[in-house]
Structure formats: structure tokens, C-alpha cells
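Q: Position 132 of the sequence shown, counting from 1, maps to 132 under this note's numbering, and the rest follow consecutively.
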Amino acid sequence: MSDYEFLKVSIEERVATVTMLREPLNVLHNPMMEEFNAILERLVAGTELIAIVLRADGKAFSAGVDVGDHSPESAKKMIHLFHGIFRKLATTDAITIAAVQGAALGGGCELACFCDVVLASSRAKFGQPEVQVGVFPPIAAVILPAQVGIKKAIELNALGRTIDAHEAHRIGLVNAVFDKETFDADVAAYISEIRKLSCPVARLAKRATLMGQREQFLARLDEVEALYLGELMELSDAKEGVAAFLERREPKWNHA
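1) What did DSSP end up calling Ile50 once you bin it into helix, strand or coil?
2) So, under 8 Å CB-CB, Ile52 and Val18 are touching, yes? Tell me the CB distance rounded to an integer number of Å.
3) On a CA-only basis, which of Asp66, Leu54 and Ser121 is nearest Phe183? Give me that one, please.
4) Assuming contact is defined by CB atoms lying nearer than 7 Å, are Leu221 and Val142 in contact in what I supplied?
5) Give me, in chain order, the residues of the same chain whose beta-carbon lies closer than 8 Å to that of Leu197; leave out the 5 immediate sequence neighbours on both sides.
6) Once you ignore the five residues that flank Ile39 on each side, which residues in its own chain have a CB closer than 8 Å to its CB?
7) With a threshold of 6 Å on Cβ separation, who are the neighbours of Ser71 within its own chain once the five nearest residues in sequence on each side are excluded?
8) Only counting runs of 3 or more residues, tell me where the beta strand (DSSP E) segments fall wholly within the stretch 152-222, in order along the chain.
9) Consult DSSP for Val44 and reduce its assignment to one of helix, strand or coil.
10) Would you call the stretch 150-167 and the stretch 124-133 touching, i.e. three or more CB-CB distances under 8 Å?
11) Are Phe114 and Ile163 close, meaning C-beta to C-beta below 7 Å?
12) Could you tell me the distance, in whole angstroms, from the CA atom of Ala202 to the CA atom of Pro24?
13) Ends of the alpha helix (DSSP H) at Leu144?
14) Can you tell me where the alpha helix (DSSP H) with Leu119 in it begins and where it stops?
15) Spatial neighbours of Ala63 within its chain, please: C-beta separation below 8 Å, excluding the five flanking residues on both sides.
16) Assuming Arg22 and Met32 are in contact, meaning their beta carbons sit under 8 Å apart, how far apart are those beta carbons, in whole angstroms?
17) Answer with buried or exposed for Met211, where buried requires no fewer than 16 other C-beta atoms within 10 angstroms of its C-beta.
18) Indicate, with yes or no, if the ligand GDP has a heavy atom lying under 6 Å from the CB of Leu81.
19) Assuming Leu246 is part of the alpha helix (DSSP H), what are its boundary residues?
20) Please state the DSSP three-state secondary structure of Ser71.
21) Name the residue from Arg42, Val15 and Val135 whose alpha carbon lies nearest to the alpha carbon of Ala264.
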């Protein structure tokens with residue numbers, strides 16, 4: 001599979017690795033998300049992969065979706081592309097792994113936490129700060145309550161709290177935390193153990209574990225997506241939050 005402008009893809013011994021290349025923060029803009037969708041469409045179509053690894057170059061895993069694309073006039077296309085990534089990931093029986101070497105915020109946090117396994121560097125942090133710019137994270141709204149419980153999900157989604165890797169591990173958002181100095185080697189060792197398994201058996205075991213949950217996720221995502229586009233984007237505070245961020249000023253909420 002050939003490389004793309006914003007992503008690099010490699011496949012070795014039944015493991016596909018997709019690396020984000022928009023250093024330093026790997027902000028997800030529409031062209032990058034179009035590439036993500038195209039790559040995942042090809043990767044999830046077959047049955048030969050035991051794992052798909054998402055990782056990034058740069059100091060951040062991903063600082064999320066470009067804030068400018070959250071404006072009412074851009075939101076529909078952005079949501080279609082961004083949620084397309086998760087709808088594709090939801091269909092694969094390959095084990096999805098996020099190797100989070102730095103900050104995973106907003107859409108970057110959603111991308112990491114949607115994976116079956118999250119491996120974090122000790123310098124990583126996780127957060128959903130969308131409420132600070134007048135929006136909320138639809139994917140996180142769907143998946144975090146089951147992953148960390150309602151109370152922690154409210155802190156992350158509705159209060160915009162950011163947590164470090166060790167706290168993320170404590171609440172079940174992260175599978176393992178590795179020292180930042182040995183992170184790449186530790187991730188490689190983790191993946192090497194997966195390669196020792198039978199590919200079809202591991203895939204079937206994942207399918208059995210998630211049976212019914214995929215359909216539930218897709219149904220709930222449709223509902224939350226409608227709330228985002230149909231109600232949130234009609235609020236003046238949503239417009240104000242995005243504008244304030246782009247103008248580098250504090251938002252002046254109208255509470256409407």
C-alpha cells in the first residue's frame with residue numbers, strides 16, 4: 001500500500017501500522033481524514049491482519065480535529081469524514097491498537113480511546129476539551145461511559161478535564177503505561193506477542209467479545225450525531241466558542 005501525504009502505512013507480519021505525519025500536533029483536517037478513510041477502507045476489507053496500529057510522529061499523538069472545521073458551515077463535512085473513520089474501525093475484527101507517545105486531545109483522544117488497546121507513554125495525556133470552544137465530542141459521548149463510567153465520562157466530556165497517562169490507566173482508559181525512554185521498544189514487544197497468536201482465532205475472539213456492541217455503537221452514534229448537527233450547531237455559543245478560539249480570545253458565552 002503506497003504512502004499518502006499526511007499518513008504513512010506499512011504492513012509487516014500481519015500487522016498494519018498507520019502513522020500520522022502532520023507534526024508537531026497531528027491536527028486532523030479534512031484532507032488528512034479523507035486519507036484515513038481511504039486507508040481504513042482497504043485495511044478492514046480483508047481478513048489477513050491480526051492488528052492495526054495507529055501511531056504518530058511528533059510531540060503529540062493528535063491534538064484533535066482542526067477547530068476551524070467545527071464551524072456550522074463546515075461541521076457537516078467534518079463530522080462525515082471524522083465519524084467515517086470510526087464507522088470503519090468498528091467493522092474490523094483485527095485488534096486495533098493506539099500507541100500514544102504524547103498528547104491525545106479532542107478528536108485525537110477519541111481516536112486513541114476507540115481502539116481495542118491503548119498503549120501510552122508516561123508523558124502522554126488524554127482529554128476532551130471541546131466544551132471550552134463551545135462544542136462536545138460525539139464519539140467520546142458514545143464510548144466513554146462504558147469505558148470509564150458515567151461520572152468520569154461527565155468530567156471528561158462535559159467539564160473538559162485533561163488527565164495524565166497514569167490516571168487514564170487507573171480509570172481503565174489505557175491498557176498499559178510505558179516509560180517515555182523505552183516507549184517504542186515496549187510497544188514493539190507488545191505487538192510481537194500478538195504476532196505469536198493465530199490470526200483467525202484472535203479475530204474471532206474479538207468478534208465474540210464485541211458481539212452486539214458494534215450495532216449499539218453505530219445506532220448511538222447516529223443519535224448523538226443528529227444532536228450535534230441538529231441542536232448544538234444552532235447555538236450561538238457554538239459559533240462564539242469557535243470564533244473566540246480562532247481569534248485567540250476568551251469566549252463571551254450567551255448561554256443560548
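All residues carry an ideal CB built from backbone N, CA and C; glycine is no exception.
These numbers were taken from a predicted model, which means no experiment stands behind them.
A: According to the structure shown:
1) Sequence index remark: in the sequence shown, residue 50 carries index 50 (1-based). If DSSP states are grouped into helix, strand and coil, Ile50 belongs with coil.
2) In the sequence shown, counting from the first residue as 1, residue 52 sits at position 52. In the sequence shown, counting from the first residue as 1, residue 18 sits at position 18. The Cβ separation is near 7 Å, so the contact holds.
3) If you number the sequence shown from 1, residue 183 lands on position 183. When each option's Cα is compared against that of Phe183, the closest is Ser121.
4) Residue 221 sits at position 221 when you count from the first residue of the sequence shown. Residue 142 sits at position 142 when you count from the first residue of the sequence shown. Yes. Within cutoff.
5) Residue numbering aside, residue 197 sits at position 197 when the sequence shown is read from its first letter. Cβ within range, chain order: Ile50.
6) Within the sequence shown, the letter at position 39 stands for residue 39. Closer than 8 Å at Cβ, skipping near neighbours: Met1, Tyr4, Leu7, Val9 and Val18.
7) Taking the first residue of the sequence shown as position 1, residue 71 is located at position 71. Excluding sequence neighbours, Ser71 sits near Val242.
8) Those beta strand (DSSP E) runs which fall completely within the stretch 152-222 and span 3+ residues are 162-164 and 176-178.
9) Taking the first residue of the sequence shown as position 1, residue 44 is located at position 44. The three-state secondary structure of Val44, taken from DSSP, is coil.
10) Enough Cβ pairs lie closer than 8 Å, so yes.
11) Here the question's residue 114 lines up with position 114 in the sequence shown. Here the question's residue 163 lines up with position 163 in the sequence shown. Their beta carbons are not under 7 Å apart, which means Phe114 does not touch Ile163 by this criterion.
12) Taking the sequence shown and counting its residues from 1, one reaches residue 202 at position 202. Taking the sequence shown and counting its residues from 1, one reaches residue 24 at position 24. Using only the alpha carbons, I get a separation of about 34 Å.
13) Translated into positions along the sequence shown, residue 144 becomes position 144. Unbroken alpha helix (DSSP H) run through Leu144: Pro138 to Val148.
14) Residue numbering aside, residue 119 sits at position 119 when the sequence shown is read from its first letter. Run containing Leu119: none in the alpha helix (DSSP H); it sits in the beta strand (DSSP E), Val117 to Ser121.
15) Indexing the sequence shown from 1 puts residue 63 at position 63. Closer than 8 Å at Cβ, skipping near neighbours: Leu25, Asn26, Val27, Ala103, Leu105, Gly106 and Gly108.
16) In the sequence shown, the residue the question calls residue 22 occupies position 22. In the sequence shown, the residue the question calls residue 32 occupies position 32. Under the criterion of beta carbons closer than 8 Å, Arg22 and Met32 qualify as touching, at roughly 6 Å.
17) The residue you call residue 211 lines up with position 211 of the sequence shown. Counting every other CB atom within 10 Å of its CB across the protein chains shown gives Met211 a total below 16, marking it as exposed.
18) As presented, the structure is devoid of all ligands, the ligand GDP included, so that no description of it is given.
19) Walking along the sequence shown from the start, residue 246 turns up at place 246. Ser236 to Leu246 is the span of the alpha helix (DSSP H), which, as asked, contains Leu246.
20) On the sequence shown, residue 71 is found 71 positions in, with the first residue counted as 1. Coil, per DSSP.
21) The structure shown does not extend to residue 264, since the chain is modelled only from 1 through 256, so no value can be given for it.
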